[in-house]
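A.B. asks:
Residue numbers (the working numbering): 3 to 476.
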């Protein structure tokens, strides 16, 4: 099939989060299965500075009521996939993709509504008739709406798939701040109290709606899980599905990982000990092989479960453990973790920052990986942890529930899972994990090896997407 990805970031080209990982891996997997994939994305300043790409058509013009937009289309071939870039300096020549430091750009609603319209104009300009345009998150959520009312006939066979990567980010903007949409003849039905919720429009107008794990798809049908959009999603329930993200095992493989001091495999876990020692040394912790080490790498936000972690640190540190947390984010969380690290320098390390080296070293050197998330649409770190023989401790939400099997199910357990969104439930779960670590080294090793043999591939995900794309054609 002819699939077009309308997406705001693609790993390797430009990235702020997990959306970019999907933007890279899924097109490559679909391409490998024989689909024709084209990517359309913004030409950000960071891309313009690096790539300096040629334009491929004459300058394009989009008209809306009382407004004229000019933009160029730039092009490159990337891993055999054509990528077209919307070059509109007024919208995309900025330091950040969506924000300046922590503050989102005030005109994000206008920027990405324009981008959605420019994607359609680009496909006409390059004469690409897509079977399916696959839209991602609120940045492209207005595209199915615009396509529904597009008059030219060019897209009469084209369907849309809309993927929600995280329902917490909905793209809610005042209509008056979006000149691109303000005078659209059908826009007022999308406006509530002067505001437009882009995610909501994407859900309403797309041919099919997907999200990034089967369990998160179920959670989206609840008020809590959908951040208030459940009624819209219940209306589209027949068209909603959850397809689990894959994991890039070329980047996350302890046998070949160049960040590790020693590589190891499911059949030879012994070198994992030297990864632990190097991690301890780099973090300023005493190198003790027999002490269980808990690691965590994430954005320091409420979503990642710090409301459960911070209250139990005093109790947790009474145990014979070490702990390493790597990440940036909420200044208050950073301050609390930094102070705690100063008070317990032999047991607790906090690295305020992010580097690939630290991320890979924690995955390899820790005995346990902590992901007590409030919500987690898919999650990737638990997949990395399993691949590295590092036992995940997770809350039973979203994709974490789909990928980690609790140890109590001893024949196929791969980690430790708790349900209740409370500090006490997390503490009990960690204690259960520590008990297993100390109690039976043989069983613990078997659990590590089970995790390392688990695979969540992009090929499997791509085959599910192929079926979904095919289902839009009837």
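Ideal Cβ positions, reconstructed from N, Cα and C, are used throughout, including at glycine.
Source: prediction; values computed, not measured.
1) Kindly give me the distance between the Cβ atoms of residue 75 and residue 132, rounded to whole angstroms, as I take these residues to be in contact under 8 Å.
2) What does DSSP give as the partner residues of residue 102 in its beta bridges?
3) So, with DSSP's three-state summary, where would you put residue 217?
4) Taking the alpha carbon of residue 43 as the point to measure from, which residue in 37, 412, 22 has its own alpha carbon closest?
5) Quick one: grab the DSSP three-state call for residue 9.
6) Between the alpha carbons of residue 165 and residue 175, how many angstroms are there, rounded?
7) Helix, strand or coil for residue 254 per DSSP?
8) Between which two residues does the alpha helix (DSSP H) carrying residue 411 extend?
9) Which partner residues of residue 297 appear in the DSSP bridge assignment?
10) Give the list of continuous alpha helix (DSSP H) stretches no shorter than 4 residues that lie fully inside the stretch 337 to 390.
11) Given this structure, state the Cα-to-Cα distance separating residue 371 from residue 393, to the nearest angstrom.
12) Rounding to the nearest angstrom, what Cα-Cα distance links residue 107 and residue 100 in this structure?
13) Alpha carbon to alpha carbon, how far is residue 413 from residue 442? Give it in angstroms, no decimals.
14) With distances taken Cα to Cα, identify the nearest neighbour of residue 112 among 87, 285, 200.
15) State the beta-bridge partners of residue 243 as determined by DSSP.
16) With distances taken Cα to Cα, identify the nearest neighbour of residue 323 among 53, 403, 290.
17) Give every residue of the same chain whose Cβ lies closer than 6 Å to the Cβ of residue 407, excluding the five residues on either side of it in the sequence, and list them in chain order.
18) Using the C-alpha atoms, what's the distance from residue 463 back to residue 243?
19) Buried or exposed: residue 206, going by 16 or more other Cβ atoms within 10 Å of its Cβ?
C.D. replies: Put simply:
1) In fact, because the Cβ distance is near 16 Å, the residues do not count as touching under 8 Å.
2) Residue 102 pairs with 105.
3) helix
4) Among 37, 412, 22, the Cα nearest to that of residue 43 belongs to 22.
5) coil
6) 20 Å
7) coil
8) Careful: residue 411 lies outside any alpha helix (DSSP H) and carries neither H nor E.
9) 326, 371
10) 358 to 367, 383 to 389
11) If I take the Cα positions, the gap works out to 6 Å.
12) 6 Å
13) 14 Å
14) 200
15) BP columns for residue 243 point to 212.
16) 290
17) 414, 415, 416
18) 12 Å
19) Buried, by the Cβ-count rule.
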